[in-house]
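> Before I ask anything, here is the structure I am working with.
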Amino acid sequence: MWQYIVRRIFISVMILFGISILLYILIRSMPGDYITMMTTGKNNVTPAMVEHLRHLYGLDTNIPQGYFNWISRAIQGDFGVSFFYQRPVADIIGEKVLVSFTLALPVFILTILIGVPLGIISATRPYSKLDYAITTIAFVGISVPSFFLAVVLKRVFAYGLKWFPPFGMVTATEDYTGFALFMDKSWHLVLPIVCLTFIGIGSYMRYARSNMLEVLDTDYIRTARAKGLPEGTVIYSHAFRNTLIPIVTIIGGSIPGLFAGAMITENLFQIPGIGWYGYQSLTNGDIPFVMAFNLFVAALTLLGNLLADISYALVDPRIRLK
Amino acid sequence: MSEQAKTKNGKLDLRAIAKANRAEIKKYETAKKKHHASPSEYQTKMRDSNNLIEFDNLQTYFFTDIGTVKAVNGVSFDIPRGSTIAVVGESGCGKSVTSLSLMRLVQGPQGQIVGGSIRYQQSSGGQAIDLTKLPDEEIRKIRGKEIAMIFQEPMTSLNPVFRIGKQLGEAIHIHLPELSKEEVHKRTVALLEMVGIARAEGITKSYPHELSGGMRQRVMIAMALALDPQLIVADEPTTALDVTIQAQILDLLRELKDKINASIMLITHDLGVVAEMADYVVVMYAGRVIEQGTAEDIYDRPAHPYTIGLLGSIPVIGRKVEELYSIPGNVPNPIHMPDTCYFKERCERCVAACDGNYPDVVELSDTHKVWCYRDFSKR
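Quick note, the sequences are listed as chains S and B, same order. Residue numbers for the first sequence follow the numbering used here, so the first one is 34 and each next one is one higher. Residue numbers for the second sequence follow the numbering used here, so the first one is 44 and each next one is one higher.
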């Protein structure tokens with residue numbers, strides 16, 4: 034097991050190297066770098082000044098050279114200073130990840146608590162009206178783009194009914210502390226949480242439903258019934274334990290994603306999380322931040338895959354990692 | 044709905060079939076869901092008090108998207124107390140569905156028992172009941188306790204995520220909730236020892252994937268015998284096992300059957316197994332019984348051309364043949380069965396009458412019955 038994990042981590046590091054190379058090439062190839070954006074339209078800027086700025090920001094190099102400069106410092110843990118925010122990138126990420134996490138955690142818990150039971154209910158009454166209703170809702174959730182849903186939610190519940198604030202994380206005009214601050218934050222986060230949860234439950238619901246249907250068709254479920262077990266025990270003990278196997282792996286795999294932020298939703302609700310900062314830096318050509326942010330997300334994804342495999346071994350007695 | 048209405052321009056009208064299916068399924072499902080059926084609705088009388096089970100014109104249909112499959116179409120036979128009865132026939136002839144109907148384990152909602160009855164003589168209280176009319180809650184108390192089943196796939200019939208001890212103990216606990224955990228465990232170990240598993244204590248802590256196929260089938264048998272059932276339904280118990288293990292498992296079954304004085308309903312397509320085990324044989328073809336009798340009747344004086352063909356296709360040691368005999372043709376499409384003898388197309392002994400309606404029963408002796416138009420007087 035430990036040998037397996039160490040080997041996987043080693044492979045993950047190799048993959049991250051590859052990703053960083055591709056990322057750097059892509060970012061440097063984007064039209065309009067940070068300096069161009071800063072200086073365009075400003076008549077008093079001479080070409081010499083632009084050259085000087087380029088040199089200061091390390092953009093006067095060619096791509097391989099630039100990458101080499103970046104990676105040699107990144108290996109030592111120095112991800113540089115953000116062009117746009119003028120602060121060390123690592124500090125910003127460390128700070129903003131927590132903001133994203135406060136939004137992502139309730140979403141994560143709610144999607145599982147709603148999605149999985151809905152899928153189970155659906156599977157135990159396949160092709161009934163209830164099943165069709167749940168499936169329809171799930172598919173609407175999967176299909177509807179987050180920006181559209183966010184705007185509709187804002188229009189109805191923030192501007193129309195005025196139940197919830199349309200954006201932000203705290204009421205700017207107040208200076209709450211302690212429990213009052215917590216309540217104020219919660220109130221602000223209701224709409225984004227609803228938005229992300231609705232989008233997320235669909236996949237869990239479909240996963241739970243199809244797995245449950247498959248399991249209910251197996252020989253061992255027939256055995257369980259032949260023993261004379263009540264239907265409740267058959268479904269919620271025998272079938273559910275087996276349905277959980279693939280679901281637990283998805284859950285395990287998505288835990289690191291809790292720190293990756295939700296780029297679009299955070300933007301629309303103006304929640305200063307890592308997703309919002311990532312978006313800003315991307316539009317600004319903020320190379321150090323974009324590199325660090327994307328590698329961070331990539332590392333989380335790889336970690337998620339590793340966790341998924343490990344959790345598989347934990348819930349399924351047949352699987353032993355080697 | 045008539046068959047004509049289900050075809051439009053010569054094509055299957057799938058929508059009409061689906062609609063008709065939904066209506067039918069709903070009818071049977073609501074009947075099963077009834078919680079407070081009064082006992083008078085399912086109590087009945089046995090035709091012969093020596094019988095444990097009487098199948099009487101059982102009909103189990105599957106309402107599929109391309110039409111109704113009459114998997115079991117009017118099957119009648121008896122299982123006398125303390126005897127072994129074998130149901131034989133090729134794949135898809137309805138023998139498994141017959142046994143699943145008995146356990147009321149037919150895969151719903153498509154599969155439904157639509158007619159006939161399965162009378163069962165209960166040991167406790169002595170009341171005879173019709174299993175097809177029993178509400179779900181009542182059949183549950185009979186499953187595993189009075190009628191137990193061994194399935195054909197030991198590799199997949201045990202839940203992969205629970206330990207053997209839990210799966211066996213659960214079967215005991217559900218019917219005998221008054222037993223303590225220690226008592227259940229003791230019984231579990233004793234059962235495993237009874238079916239010839241050495242190191243029974245250790246096996247209770249194993250997961251199914253850690254056991255071999257033969258071991259798993261022994262566990263399944265232990266599970267079936269856990270509560271001394273009156274009837275053990277063994278659905279091809281040795282099909283998935285290699286020959287040496289097959290013999291062991293059959294010996295075990297026979298031995299244990301005598302020990303707890305149970306009846307066995309053995310479902311198989313292996314005529315070798317039948318000869319070894321069975322007192323009575325029921326031969327099924329395309330959802331119907333075509334011949335039944337004692338083992339001697341069937342082996343020494345087979346009457347139906349299909350039975351003769353089946354027996355002819357067994358290899359015999361010492362006889363050299365170029366090619367083993369096989370019955371020509373295939374089983375007819377189960378959806379649009381003609382009202383003639385189902386075996387007619389494949390039969391080598393057809394007579395003129397075979398073009399007529401489905402043949403009536405011919406009683407060759409007290410025990411031997413056959414459904415065929417052949418002239419049996421000349422034999």
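Note that beta-carbon positions come from the ideal geometry of N, C-alpha and C, so glycine has one too.
Given a limit of 9 angstroms on CB to CB distance, which residues of the region 253-268 of chain S reach chain B?
Those would be 253, 254, 255, 256, 257, 258, 259, 260, 261, 262, 263, 264, 266, in chain order.
> Closer than 9 angstroms between beta carbons: that is the criterion. Which residues of the region 152-178 of chain B meet it against chain S?
Cβ contacts with chain S come from 152.
> For residue 155 of chain S, which residues in the same chain have their Cβ closer than 6 angstroms to its Cβ, ignoring the five residues on either side in sequence?
Within the same chain, residue 155 of chain S has close Cβ partners 164, 167, 242.
> With a cut-off of 8 angstroms on the beta carbons, I'd call residue 101 of chain B and residue 118 of chain B a contact; round off their distance for me.
With 8 angstroms as the limit, residue 101 of chain B and residue 118 of chain B qualify as a contact, their Cβ atoms being about 5 angstroms apart.
> Quick check on residue 148 of chain B - is its C-beta less than 9 angstroms from some C-beta in chain S?
With 9 angstroms as the cut-off, residue 148 of chain B counts as an interface residue toward chain S.
> Return the residue from the list B/93, B/107, B/81 that minimises the CA-CA distance to residue 56 of chain B.
Out of B/93, B/107, B/81, B/107 has the C-alpha closest to the C-alpha of residue 56 of chain B.
> What runs of the beta strand (DSSP E), each 3 residues or longer, lie entirely inside the region 170-244 of chain B?
As far as the region 170-244 of chain B is concerned, its whole beta strand (DSSP E) runs of at least 3 residues are 171-173, 190-193.
> Exposed or buried, residue 79 of chain S, counting other C-beta atoms within 10 Å across all chains shown (16 or more means buried)?
Its Cβ having fewer than 16 others within 10 Å, residue 79 of chain S is exposed.
> Give me the Cα-Cα distance between residue 107 of chain S and residue 291 of chain S, rounded to the nearest whole angstrom.
Their Cα atoms are separated by approximately 24 angstroms.
> Using a threshold of 9 angstroms, state whether the C-beta atoms of residue 230 of chain S and residue 130 of chain S are closer than that.
Going by C-beta atoms, residue 230 of chain S is not nearer than 9 angstroms to residue 130 of chain S.
> Quick one: which residues of the region 254-277 of chain B get their C-beta closer than 8 angstroms to a C-beta of chain S? List them in chain order.
So the close ones are 263, 266.
> In chain B, what lies closer than 9 angstroms to residue 279 of chain S by C-beta?
Under the 9 angstroms cutoff, chain B gives no residues; its nearest Cβ is about 12 angstroms from residue 279 of chain S.
> So if DSSP puts residue 262 of chain B in a beta bridge, which residue, or which two residues, is it bridged to?
Bridge partners of residue 262 of chain B: none, in fact.
> For residue 203 of chain B and chain S, any beta-carbon pair shorter than 9 angstroms?
For residue 203 of chain B, the answer is yes, since a Cβ of chain S falls inside 9 angstroms of its Cβ.
> Can you check whether the C-beta of residue 275 of chain S is within less than 9 angstroms of a C-beta belonging to chain B?
Yes - at least one Cβ of chain B is within 9 angstroms of the one on residue 275 of chain S.
> List the residues of chain S whose Cβ lies closer than 8 angstroms to the Cβ of residue 200 of chain B, in chain order.
Simply 252, 253, 255, 256.
> Does any C-beta atom of chain S lie closer than 9 angstroms to the C-beta of residue 184 of chain B?
It does; some Cβ of chain S falls within 9 angstroms.
> So, helix, strand or coil for residue 273 of chain B, using DSSP?
It is coil, neither helix nor strand.
> Using only alpha-carbon positions, find the residue among B/158, B/146, B/164 that is nearest to residue 182 of chain B.
Closest by alpha carbon: B/146.
> What does the alpha-carbon distance come out to for the pair residue 123 of chain S and residue 354 of chain S?
Straight-line Cα distance between these residues: approximately 34 angstroms.
> For residue 45 of chain B, which residues from the same chain have a beta carbon less than 8 angstroms from its beta carbon, with the 5 sequence-adjacent residues on both sides left out?
Summary for residue 45 of chain B: the model assigns pLDDT 45, below 50, so the residue's position carries little reliability; its value from the coordinates is reported in the next sentence. Same-chain partners within the cutoff: there are none.
> Could you tell me the alpha carbon to alpha carbon distance between residue 368 of chain B and residue 361 of chain B, rounded to whole angstroms?
Taking the straight line joining both Cα atoms gives about 15 angstroms.
> Kindly identify the DSSP beta-bridge partner or partners of residue 332 of chain B.
For residue 332 of chain B, which the question treats as bridged, DSSP gives the partners B/327.
> What does a CB cutoff of less than 6 angstroms around residue 214 of chain B pick up in its chain, not counting 5 residues either side in sequence?
Correct list, in chain order: 187, 266, 269.
> Please go through the same chain and pick out, in chain order, the residues whose beta-carbon is closer than 7 angstroms to the beta-carbon of residue 322 of chain B, but skip the five residues on each side of it.
Excluding positions up to five away in sequence, the list reads 126, 127, 128, 337, 338.
> Taking 9 angstroms as the CB-CB cut-off, is residue 279 of chain B touching chain S?
No, residue 279 of chain B lies away from the interface with chain S (no Cβ there is under 9 angstroms from its Cβ).
> Grab me the residues of residue 198 of chain S's own chain with a C-beta within less than 6 angstroms of its C-beta, minus the 5 sequence neighbours each way, in chain order.
If we look at residue 198 of chain S and ignore the five residues flanking it on each side, its Cβ neighbours are 221.
> Under the three-state reduction of DSSP, which class applies to residue 391 of chain B: helix, strand or coil?
Residue 391 of chain B: coil per DSSP, three-state reduction.
> Mind checking the region 212-237 of chain S against chain B and listing, in chain order, the residues whose C-beta falls within less than 9 angstroms of any C-beta there?
Going along the region 212-237 of chain S in chain order, one finds no residue with a Cβ nearer than 9 angstroms to chain B.
> Identify whether residue 90 of chain B lies in helix, strand or coil by the three-state DSSP scheme.
Reduced to three states, the DSSP call for residue 90 of chain B is coil.
> Of the choices S/235, S/322, S/251, S/217, whose alpha-carbon is the least far from that of residue 198 of chain B?
Closest option to residue 198 of chain B, Cα to Cα, is S/251.
> Could you tell me if residue 58 of chain S is buried or exposed, where buried requires 16 or more neighbouring beta carbons within 10 angstroms of its beta carbon?
Under this definition residue 58 of chain S is an exposed residue.
> Note down, in chain order, each residue of its chain lying with its Cβ closer than 8 angstroms to the Cβ of residue 47 of chain B, except the 5 sequence neighbours on either side.
Interpretation of residue 47 of chain B is limited by its pLDDT of 46, a score under 50 that renders its predicted location unreliable; the figure taken from the coordinates is listed afterwards. Closer than 8 angstroms at the Cβ level, and outside the excluded window around residue 47 of chain B, lies no residue.
> Using a beta-carbon distance cut-off of less than 9 angstroms, what residues from the region 211-228 of chain B approach chain S?
Answer in chain order: 213, 214, 217, 218.
> Assign residue 114 of chain B to one of three DSSP states: helix, strand, or coil.
The answer is strand: DSSP assigns residue 114 of chain B an E or B state.
> Mind checking which residues open and close the alpha helix (DSSP H) that includes residue 157 of chain S?
Start and end: 122-157.
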